[in-house]
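Here is the structure we will look at.
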Amino acid sequence: MSLDQYLPVLLFILVGIAIGIIPQVLGYILGPNRPDAEKNSPYECGFEAFEDARMKFDVRYYLVAILFILFDLEIAFLIPWAVAFSDIGMTGFLAGVVFLAILTVGFAYEWKKGALDWE
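Just so we're on the same page, the working numbering is the position in the sequence shown counted from 1, plus 1018.
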């Protein structure tokens, strides 16, 4: 087994790591560092924070975020499926229908549980 085949992958990883780390290091070294009380104070929408930052959020925020990701990914899968629709045959069509059915059942479940209701 020759390791020459892995050299481009290793170089790609090293260059990616360098592109991520070098600007941060340069900014830390070359950037001004003049802290004062105003810069180190907490900032939240233009006024001082009035509650603990660790307060609990309603779970509906997370459910709506998960629903957004779910249906965003649905579109990401449906566009290539629609483009290749004539080439995938009946098996691909049925796989797409099963995929849509599972997503529809999940959406109906979320709707029934009240995840989409705002009070």
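Don't be surprised by glycine CBs; every beta carbon is placed ideally from N, CA and C.
Span of the alpha helix (DSSP H), counted from its first residue to its last, around A1083: As a position in the sequence shown, residue 1083 is number 65, starting the count at 1. Run containing A1083: V1077 to V1101, per the alpha helix (DSSP H) assignment.
Reduced DSSP category for A1119 - H, G, I as helix; E, B as strand; rest coil: Residue mapping note: residue 1119 aligns to position 101 of the sequence shown, counting from 1. Looking at A1119 - three-state DSSP - the assignment turns out to be helix.
Cβ pair count under 8 Å reaching 3, the stretch 1077–1091 against the stretch 1105–1114: Not touching, per the Cβ criterion.
At least 3 beta-carbon pairs within less than 8 Å: the stretch 1083–1095 vs the stretch 1041–1055: As far as the Cβ criterion goes, the stretch 1083–1095 does not touch the stretch 1041–1055, which means the pair count is below three.
Distance, K1130 Cα to A1119 Cα: Along the sequence shown, read from residue 1 onward, the residue named residue 1119 stands at position 101. Along the sequence shown, read from residue 1 onward, the residue named residue 1130 stands at position 112. Just so you know, the alpha carbons of A1119 and K1130 end up roughly 16 Å apart.
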